[in-house]
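Just so we're aligned: 1004 in our numbering is position 57 of the sequence shown, and the numbers increase by one with no gaps anywhere. We put the CB at the ideal spot given by N, CA and C, even for glycine. All figures in this text were calculated on a predicted structure; none of them were measured in a lab.
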Amino acid sequence: MLTPVTDSDGAPFWRYAAQGELRVQSCADCHEPRFPPRPCCPHCQSFGTEWRQLSGHGRIWSYVVPHPPLLPDYAAQAPYNVVLVELAEAPRIRLVGNLVSSAGAPLDSLDPGRVRIGARVHVVFSDGLPQWVLS
Ligand SMILES: [Zn+2]
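What follows is the structure, given as structure tokens:
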């Protein structure tokens, strides 16, 4: 399994995820959410940041079902899905993840034929990794 690569801007995302919280970086001045995390607000150029807690609800904006060639660990789990989730409170932010049958379930735990654009999903966490399940 690949592990998250963190930097100082993105580290809080993973710290909150480890606590089971989905938070996105937002501007402390104009309050616009932004992702991926970065030092400066692209809307007002403020360097002030806050981490807004979200409900964890969203909709599938798009998805793919990767096919070989894949890294060996992933090839063993194919076919699986990779979804792009539009967040309910921050629709301009779309997080990449996997739709699974339950938290911590294997990547291939959900039949790719059940994945639909527009389907409502919510976040679950497995060892600090955000995953998605159908709502
Ligand atoms: Zn701003």
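### Message
Among the candidates L1057, R999, E968, whose CA atom is the shortest distance from the CA of F982?
### Response
What you label residue 982 is simply residue 35 of the sequence shown in a count that begins at 1. When only C-alpha atoms are compared, the closest one is R999.
#### Entry: Around ligand 1, Cβ to any heavy atom closer than 6 Å, ordered along the chain
C974, D976, C977, E979, C988, H990, C991, S993
### Task
Give the secondary structure of Y1027 by DSSP, where H, G and I count as helix, E and B as strand, and everything else as coil.
In the sequence shown, counting from the first residue as 1, residue 1027 sits at position 80. Looking at Y1027 - three-state DSSP - the assignment turns out to be coil, as it is neither helix nor strand.
### Query
How far does the beta strand (DSSP E) with A965 in it reach, from first residue to last?
The residue labelled residue 965 in the question sits at position 18 within the sequence shown. Counting along the chain, A965 falls outside any beta strand (DSSP E), though it belongs to the alpha helix (DSSP H) covering 958–965.
### Message
Need the endpoints of the beta strand (DSSP E) that A1022 sits in, please.
### Response
The residue labelled residue 1022 in the question sits at position 75 within the sequence shown. Not the beta strand (DSSP E): A1022 falls in the alpha helix (DSSP H), residues 1019–1022.
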